[in-house]
Amino acid sequence: MNRLKRIVLFLAFTSLIFSCTSDSPSETGDGIDRSGNLRLTGSSGSDLLSDMKFTSMNIEIVYVEGFRPTDEAINILKNFLAARTFKPDGISVTLRSVESSGSSPFSEADITKVERDTRTAYNAGDEIAVWIYFADGEKENPEQNLVTLGSAFRNTSIIIYEKVIMDFASRNGTPDRATIEASTLTHEFGHLFGLVDLGTVPVSNHEDPDNQGHCVTDGCLMRAAIEFGSGVINVIEGSDVPDLDQACIDDLQSIGGK
């Protein structure tokens, strides 16, 4: 499948590492066990992909008013998950809006607070839960030319910087918003699956030596070609959402995926 055309993208894998001890289930006093969702990025790849422990998946999408993801992007994500995971009891997606946190640009502490304040879905029984937040701002980056569209953090958490995506999509000659959203969503889900060597041991050597956690194969969904000085990040050709290359698919299949 072809890649996106003439768009400045950085599909960022997690730069956030969290301690499970800082958000213990007992802190809230509500009896909800959150421990299964407070682990490192990529550590639950097999649980997300296979039906060995969890036979269904509950995706909770929370978005700031005015920054709702497109239905097309959500459908592309659903198809991507159906093609790669074994969930015989289904994959559900719920969406709800929240007020702005007023935290942009988001620091690591800001992101964890937003999740703590807005997340309601956690692993329960044979259902694994994923939380995705569509933010009305951008990530706090030490590199001024670094643009981040999304980040996978912890084992079942993703933040999408929807304001940044909307700004890019409004430019002449760029792909539409839904395509950018879908590319970011599926890329970040790839990191939740443990790609590349981010919790899932590669079957073959295909990690980009210059970009940890990303694939070296041209055209792969998990590719990250970054140009820092000019601010041109991931200039990708084509008009379709990128697909996983065979090396990444092999990795997913090795831990229970399709």
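Under mature numbering (1 follows the signal peptide of the UniProt record, and there is no 0), the letters of the sequence shown match residues -21 to -1, 1 to 237, in that order.
Even for Gly, the Cβ is constructed at its ideal location relative to N, Cα and C.
What you are looking at is a predicted structure, and each value in this text was computed from that prediction instead of being measured.
Item: Out of Lys32, Ile144 and Cys227, state which residue places its alpha-carbon closest to the alpha-carbon of Val180.; Value: Cys227
Item: Whose C-alpha, out of Glu117, Ala52, His170 and Leu28, is nearest the C-alpha of Asp155?; Value: Ala52
Item: Tell me where the alpha helix (DSSP H) around Thr73 begins and ends.; Value: Careful: Thr73 lies outside any alpha helix (DSSP H), inside the beta strand (DSSP E) at Ile70 to Val77.
Item: What residue range does the alpha helix (DSSP H) around Val143 cover?; Value: Glu141 to Ala148
Item: Can the beta-carbon of Ser82 be found closer than 9 Å to that of Val93?; Value: yes
Item: Okay, do the segment 14 to 26 and the segment 102 to 113 touch, 3+ Cβ pairs below 8 Å being the bar?; Value: yes
Item: Can the beta-carbon of Ser25 be found closer than 9 Å to that of Gly192?; Value: no
Item: Would you kindly report the start and end of the unbroken beta strand (DSSP E) that includes Asn37?; Value: Ser35 to Val43
Item: Quick check: the segment 153 to 173 against the segment 47 to 65, are at least 3 beta-carbon pairs closer than 8 Å?; Value: yes
Item: Expressed to the nearest angstrom, what Euclidean distance is found between the alpha-carbon atoms of Ser79 and Val182?; Value: 42 Å
Item: As a quick exercise: from Ala148, Gln225 and Tyr101, pick the residue whose alpha carbon is nearest that of Gly10.; Value: Tyr101
Item: Can you tell me whether Thr73 is buried or exposed, with buried defined as 16 or more other CB within 10 angstroms of its CB?; Value: exposed
Item: If you run the structure through DSSP and keep just helix, strand and coil, what is Arg133?; Value: coil
Item: Does the beta-carbon of Met31 have 16 or more other beta-carbons within 10 angstroms, so that it is buried, or is it exposed?; Value: exposed
Item: Could you spell out the range, first to last residue, of the beta strand (DSSP E) harbouring Glu51?; Value: Element bounds for Glu51: not the beta strand (DSSP E) but the alpha helix (DSSP H), Asp50 to Arg63.
Item: By the DSSP assignment, the beta strand (DSSP E) with Val109 in it spans what residues?; Value: Glu106 to Ala114
Item: Out of Glu87, Phe46, Val143 and Leu200, which one is the CA nearest neighbour of Asn170?; Value: This sequence places His at residue 170; Asn is not what is there. When only C-alpha atoms are compared, the closest one is Leu200.
Item: In this structure, what does DSSP give as the bridge partners for Glu186?; Value: Cys194
Item: Near Pro84, what residues of its chain come up, given a Cβ to Cβ distance below 7 Å and the 5 sequence neighbours on each side ignored?; Value: Gly116, Glu117, Lys118 and Glu119
Item: Give me the DSSP bridge partner(s) of Phe85.; Value: Lys118
Item: Please confirm whether Ser71 and Asn37 have their CB atoms less than 9 Å apart.; Value: yes
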